[in-house]
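Numbering (the numbering used here), first residue to last: 226 to 545. Worksheet for the structure shown next.
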């Protein structure tokens, strides 16, 4: 396929896409602002637009819209939250009939970094000591990282608001490498960071004296029962990490749909990814389109593939 298909209709569609991408892609837009895109492909030849395929980025709870036929597909970060939708755990009181089309390869993990000056040996001691922790987290309370923070603290019987009530404070950020966070690390004005996107902040946090805190077995079990996975980061993955560290995995960005989506529609989405792969941005963990249908460290999959997607991968030599 040509990098840029020809034709007036494509030119118009491309212009609208670039306008939307420019607005949604502004790095200064807060996470709760207009930064997500819903792409609708269909027919605009009558008085109303008739959608055939609606795909969106956004909150994990968009899974309800996908399963209620309001969207055909959505993209979620990370895989563990889609597992919760499938199991009916955490954010989802009932299992939803979600199915995976592809998992964008993204290798990342979630670390609870705490400074030794606090004297804290475990997260549970925050509650035991009612410690006034100065905690760095994301500013959007609905962000997927905040969901994991809430679920982790729940395992210890506490909340973020409890920490504030004990005299603690929140240093709030947009992305994981927000300059507000990096400044706080340099100034020593925070005691802990709970976040993913490790490449953007972990080395600096470790160099400042913070240490990654390993969760207890009971907490790991609580979180993995919800749908999260454990992962052990090896020394050297990050230059300032000198020993291996077992944490919660935060990998994978699934593109998912509902089980009732016609097989041919899911097949066409896989075909489109393959045909347009040269135009897409891929992280270093990407090894090829086939990987998007496999269960790997960068593409963790605990939710079934949609039958139409599974057919595409099998026909293209992928073991699923």
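Cβ atoms here follow ideal geometry from the backbone N, Cα and C, with glycine treated the same way.
ask   = So what's residue 308 in DSSP terms, helix, strand or just coil?
value = Helix, per DSSP.
task = Tell me, to the nearest whole angstrom, how far the beta carbon of residue 421 is from that of residue 334; I am working on the premise that it is less than 8 Å.
result = Between residue 421 and residue 334 a beta carbon distance of about 7 Å is seen, short of the 8 Å cut, so the two are scored as contacting.
query = Touching or not, the segment 461-478 and the segment 422-434, by the rule of three or more beta carbon pairs under 8 Å?
reply = Yes, they touch.
query = Using CA coordinates, which residue listed in 514, 327, 423 is at the minimum distance from residue 481?
reply = The shortest Cα separation from residue 481 among 514, 327, 423 belongs to 327.
message = With distance defined between alpha-carbon atoms, name the residue in 234, 276, 424, 394 nearest to residue 461.
response = For residue 461, the nearest C-alpha among the options comes from 424.
message = Three Cβ pairs or more, each shorter than 8 Å: is that satisfied between the segment 444-451 and the segment 273-290?
response = Counting Cβ pairs under 8 Å, fewer than three are found: no touch.
Top-ranked residue by Cα proximity to residue 533, from 525, 544, 516, 496 = Nearest of 525, 544, 516, 496 to residue 533, Cα basis: 496.
task = Can you tell me which of the three DSSP states residue 498 falls into?
result = Residue 498 carries a helical assignment under DSSP once its states are collapsed to helix, strand and coil.
ask   = If we count Cβ pairs, one from each stretch, closer than 8 Å, do we get three or more for the segment 341-352 versus the segment 376-389?
value = Result yes; three or more Cβ-Cβ pairs closer than 8 Å.
ask   = Is it true that the CB of residue 530 sits closer than 8 Å to the CB of residue 324?
value = Closer than 8 Å, so yes.
Spatially closest choice to residue 474 from 240, 306, 414, 415, by CA coordinates = With distances taken between Cα atoms, residue 474 lies closest to 306.
query = Can you give the Cα-Cα distance for residue 455 and residue 378, rounded to whole angstroms?
reply = Distance between the alpha carbons of residue 455 and residue 378 is about 17 Å.
inquiry  = Which residue wins for smallest C-alpha separation from residue 522, given the options 510, 503, 514, 236?
reply    = Ranking the options by Cα distance to residue 522, first place goes to 510.
ask   = Counting only runs that start and end within the segment 250-318, where is the alpha helix (DSSP H) found for 4 or more residues in a row?
value = Qualifying alpha helix (DSSP H) stretches, in chain order: 288-292, 304-312.
request  = From the DSSP output, read off the bridge partner residues of residue 338.
outcome  = DSSP lists 418, 437 as partners of residue 338.
request  = Name the residue from 322, 332, 441 whose alpha carbon lies nearest to the alpha carbon of residue 485.
outcome  = The residue with the shortest Cα to Cα distance from residue 485 is 322.
task = To the nearest angstrom, report how far apart residue 251 and residue 398 are at their CA atoms.
result = Rounded to whole angstroms, residue 251 to residue 398 spans 16 Å at the Cα level.
ask   = Just curious, the beta strand (DSSP E) that residue 532 is in, first and last residue?
value = Per DSSP, residue 532 belongs to no beta strand (DSSP E); it is in the alpha helix (DSSP H), 532-540.
ask   = Terminal residues of the continuous alpha helix (DSSP H) containing residue 377?
value = For residue 377, the enclosing alpha helix (DSSP H) covers residues 369-380.
key: Whole runs of the beta strand (DSSP E) within the segment 440-509, excluding any shorter than 3 residues   = If we require 3 residues or more, the beta strand (DSSP E) runs fully inside the segment 440-509 come out as 455-458, 470-474, 478-483.
inquiry  = Using only the alpha-carbon positions, how far apart do residue 376 and residue 233 sit?
reply    = CA-CA distance, residue 376 to residue 233, rounds to 50 Å.
message = Using DSSP's beta-bridge definition, name the partner residues of residue 396.
response = As DSSP reads the structure, residue 396 sits in a beta bridge with 361.
task = Could you check if residue 396 is buried or exposed, using at least 16 other CB atoms within 10 Å of its CB as the buried criterion?
result = Label assigned to residue 396: buried.
ask   = Is the beta carbon of residue 263 less than 8 Å from the beta carbon of residue 281?
value = Annotated as proximal: residue 263 and residue 281, with beta-carbon spacing under 8 Å.
query = By the 10 Å Cβ neighbour count, where 16 or more other Cβ atoms means buried, how is residue 363 classified, buried or exposed?
reply = By the beta-carbon neighbour count (other beta carbons within 10 angstroms, threshold 16), residue 363 is buried.
request  = Just the C-alpha distance for residue 243 and residue 417, rounded to the nearest angstrom, thanks.
outcome  = Going by the C-alpha atoms only, they are around 39 Å apart.
query = Who does residue 514 pair with in a DSSP beta bridge?
reply = Bridge partners of residue 514 according to DSSP: none are assigned.
ask   = Which whole-angstrom value describes the C-beta separation of residue 538 and residue 515, a residue pair presumed to lie in contact below a C-beta threshold of 8 Å?
value = About 7 Å separates the two Cβ atoms, so the contact holds.
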